[in-house]
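Trainee: Take this structure first; my questions come after.
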Amino acid sequence: FASTSSNESSANDFLRARTADALLGCPAGSFGGCIPYNPFVPNGVTPEAAAAMAGTGVQTGRTELITFNSFVTGQLFALPAANDAISAVAGVEYRRESFSTIADSNVQAGQFTGRGGQTPNVNGEYNVSEVFGEAIIPLVQGRDFADELYLELGYRYSNYNRSGGASTYKALVSWAPTDEIRVRGGYNRAIRAANVGELFTPTSGGLWAGEDPCATATPLFTAAQCALTGVSAAQYGNINASPADQYNQITGGNPNLAPEQADTYTFGVVYSPNFANLNVTVDYYDIEIEDRIGSVGASNILRGCGLTGDAGLCGLISRNPVSGDLWSGTAGEPGVGVVRNLSANFGNLIWRGVDLNVAWADELPYVGGNIGVAFNGSLALEQTIDPLPGVNNAAAFDCVGVVNPACATSDWRHTARVNYDRDTWWGASLRWRYFSSMDYILQDGSPGATDQIVINNGNQIDAINYFDVSGRFDVSANTRLTLGVNNILDEEPPLVGGSLSDNANSLTGYDQVGRYLFANITLTY
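Set out below in structure tokens:
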């Protein structure tokens, strides 16, 4: 059994009703303590007025996990060409997960101006019963060109109370022709069931960042395409774009979600020569995910409707009947333009790449101490996202080396580290982190970015290098002090538009704060 509770409090955000009263000069019927708030005249904004408009939002949450498992394991028998016996395990497992959140009335109603919409309470649970078995089978051992040959098999059947039964299984082979070289590969069928939030979150209004292809005086879509999204002939060319590039959407869970399914193929080589403390691994992977759990995406819904006329997608779009826009007003209110973007089993993903890992360590002659070198690199060959399979196959796009509202994948990234340790009391480390460049290319393959970006560098994000240094000092038998500086060259993160980022102004994975120093003390007992 496990349980986790959370309490969240947010302060100094304006309440909508109070803001309206204060902006109107506190007319009769305004909230108690109202102070006029006028940002259009000198001294029209005071700390007292801002404090009167602000409120504090409170939200609590609780998750619980109940699990039971039982298994038996043991050695069976050895095959004729092997020395070791087959190892096997079989068992059963039961899990029940529950999740609930409770927010105050202002948070639930979306009264805070910075939240963008309502935050309804969540309450739900699901359970799963499973049976599983695995076996490691030594096929050949100690033979010429077959120092080891292993087969690993596994199977699991899961019965979810919401979506029914699903099977996962694997078959992996590991062959070591000598004690220096190992070749490995296999196939794995995996699933991911929807979590409680994806299943039970109530529908609510909110915002999505991007652009309406039917907005502005020169829309990206034709009049016929915009008509499919609900734009009238009179509205075409007269719809205002959102000044903040934020548009209304309705989001929420779906209790009928099925598990998403992945097929993974791997092949790799491990080289560990006897003459050096060296280990090199190269692994190729090919992952294909179907029926992904998540929202289709408001932008994909708009584009898919306009490009294909699919009735299912077009039925998710409701425009403001007067202005035709999708942003003025609060999502969920009558007459407000909105895109319904609920959780669904929709979309496929193909991810192929190569991982390279190198590690070497040895003693330094004359100088003394130990040196270690490690290199971990990842080459992305393909990351194809198909948001509308079977509806608009032309919407599939490859994210490798591309940045846009749906992508941010460097084709190459690596981390290299050199460590030096004295046998006595100190050591030092130098680390190099690298991200390759990415081009601004939209999902339809055309160069460009959102209208928030001023492209000053050939329509791309430059490659970036980070260098970190640290030192450790054993000040006593049980006390270690570590000092370091990350991003010693003070490289700034790439600045991108809000619709391209989860961090408001830059992409995840990059250092957001520039150069920074750190220190920690480790005590052992």
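Residue numbers (my numbering): 4 to 528.
Note that CB positions come from ideal geometry on N, CA and C, so glycine has one too.
1) On a Cα-Cα basis, can you pick out the residue from C410, T7, N46 that is closest to I69?
2) Touch check for the region 38-51 and the region 78-91: three-plus C-beta pairs under 8 Å?
3) Could you name the residues that DSSP lists as bridge partners for M441?
4) Quick check: what's the CA-CA separation for Q249 versus V516?
5) Using the rule of at least 16 other Cβ atoms within 10 Å of the residue's Cβ for burial, across every protein chain shown, is W428 buried or exposed?
6) Do you know how far the Cα of N277 is from the Cα of E155?
7) Taking buried to mean at least 16 other C-beta atoms within 10 Å of its own C-beta, is Y443 buried or exposed?
8) Could you spell out the range, first to last residue, of the alpha helix (DSSP H) harbouring N108?
9) In three-state terms, what does DSSP make of T525?
10) Would you report the Cα separation of I105 and G127, rounded to the nearest angstrom?
11) Using beta-carbon positions only, say whether R165 and A197 come within less than 9 Å of one another.
12) Please confirm whether S473 and T485 have their CB atoms less than 9 Å apart.
13) Compute the beta-carbon to beta-carbon distance between Y288 and T311, rounded to the nearest angstrom, for a pair I have assumed lies under 8 Å.
14) So, are the CB atoms of S132 and T63 less than 9 Å apart?
15) Distance, Cα to Cα, G168 vs L260?
16) Kindly give me the distance between the Cβ atoms of S298 and L345, rounded to whole angstroms, as I take these residues to be in contact under 8 Å.
17) Does DSSP put A301 in a helix, a strand or coil?
18) Can you tell me whether DSSP reads C308 as helix, strand or coil?
19) Would a C-beta distance cut-off of 9 Å place A212 and I242 closer than the cut-off?
20) How long is the line joining the alpha carbons of E366 and L281, rounded to whole angstroms?
21) Hey, could you find the ends of the beta strand (DSSP E) D150 is sitting in?
22) With a threshold of 16 other CB atoms inside 10 Å of the CB of Y528, please say whether the residue is buried or exposed.
23) Within the continuous beta strand (DSSP E) that includes T59, where are the two ends?
24) If you run the structure through DSSP and keep just helix, strand and coil, what is D389?
25) Around the C-beta of N324, are 16 or more other C-beta atoms found within 10 angstroms, so that it is buried, or is it exposed?
26) Taking the straight line between their C-alpha atoms, what separation do you get for E385 and E291?
27) What are the start and end residues of each continuous beta strand (DSSP E) run of 3 or more residues lying completely inside the region 337-376, in chain order?
28) Check whether the Cβ atoms of N130 and E201 sit closer than 9 Å, and answer yes or no.
29) Round the Cβ separation of Q238 and G327 to the nearest angstrom and send it over; I've been treating them as touching at under 8 Å.
30) Within 10 angstroms of the Cβ of V478, are there 16 or more other Cβ atoms? Answer buried if so, exposed if not.
31) Under a three-way DSSP split, which group does P50 fall into?
32) So what's E133 in DSSP terms, helix, strand or just coil?
33) Residue range of the alpha helix (DSSP H) that C410 falls in?
34) With a 10 Å radius around its C-beta and 16 neighbouring C-beta atoms as the bar for buried, classify S302 as buried or exposed.
35) Between which two residues does the alpha helix (DSSP H) carrying G315 extend?
36) Okay, do the region 350-361 and the region 221-233 touch, 3+ Cβ pairs below 8 Å being the bar?
Mentor: Considering the structure as presented:
1) The option with the nearest alpha carbon to I69 is T7.
2) In short, these stretches do not touch, since the Cβ pair count stays below three.
3) I464, per the DSSP bridge assignment.
4) Note on geometry: alpha-carbon atoms of Q249 and V516 lie some 26 Å from one another.
5) Result: exposed.
6) Straight-line measurement puts the Cα of N277 at about 26 Å from the Cα of E155.
7) By the beta-carbon neighbour count (other beta carbons within 10 angstroms, threshold 16), Y443 is buried.
8) For clarity, residue 108 is Ser in the given sequence; the question names Asn instead. From DSSP, the alpha helix (DSSP H) with S108 extends over 108-112.
9) Under the three-state reduction of DSSP, T525 is assigned to strand.
10) Near 12 Å, if we compare the C-alpha coordinates of G127 and I105.
11) For R165 and A197, yes; Cβs fall inside 9 Å.
12) Yes, the pair counts as a contact, with Cβ atoms nearer than the cut-off.
13) Y288 to T311, Cβ: 32 Å. No contact.
14) No. Outside cutoff.
15) Whole-angstrom Cα-Cα distance: 13 Å.
16) Rounded, the Cβ-Cβ distance is 7 Å, consistent with contact.
17) Here A301 sits in helix by DSSP.
18) Reduced to three states, the DSSP call for C308 is helix.
19) Annotated as distal: A212 and I242, with beta-carbon spacing of 9 Å or more.
20) Cα-Cα distance, rounded: 13 Å.
21) Element bounds for D150: 149-163.
22) Under this definition Y528 is an exposed residue.
23) Element bounds for T59: 57-78.
24) If DSSP states are grouped into helix, strand and coil, D389 belongs with the strands.
25) One detail in the question is off: residue 324 reads as Pro in this sequence, not Asn. Label assigned to P324: exposed.
26) Roughly 11 Å between the two C-alpha positions.
27) Within the region 337-376, the complete beta strand (DSSP E) runs of at least 3 residues are 341-343, 346-348, 351-366.
28) No; because the gap between Cβ atoms is not below 9 Å, this pair is not in contact.
29) Contact flag correct, Cβ pair sits at about 4 Å.
30) Counting every other CB atom within 10 Å of its CB across the protein chains shown gives V478 a total below 16, marking it as exposed.
31) Three-state result, P50: helix.
32) Of the three classes helix, strand and coil, the one that applies to E133 here is strand, per DSSP.
33) No alpha helix (DSSP H) contains C410, which is instead part of the beta strand (DSSP E) from 410-412.
34) Buried, by the Cβ-count rule.
35) Run containing G315: 314-317, per the alpha helix (DSSP H) assignment.
36) Here the region 350-361 makes no contact with the region 221-233; the two share fewer than three CB pairs at distances below 8 Å.
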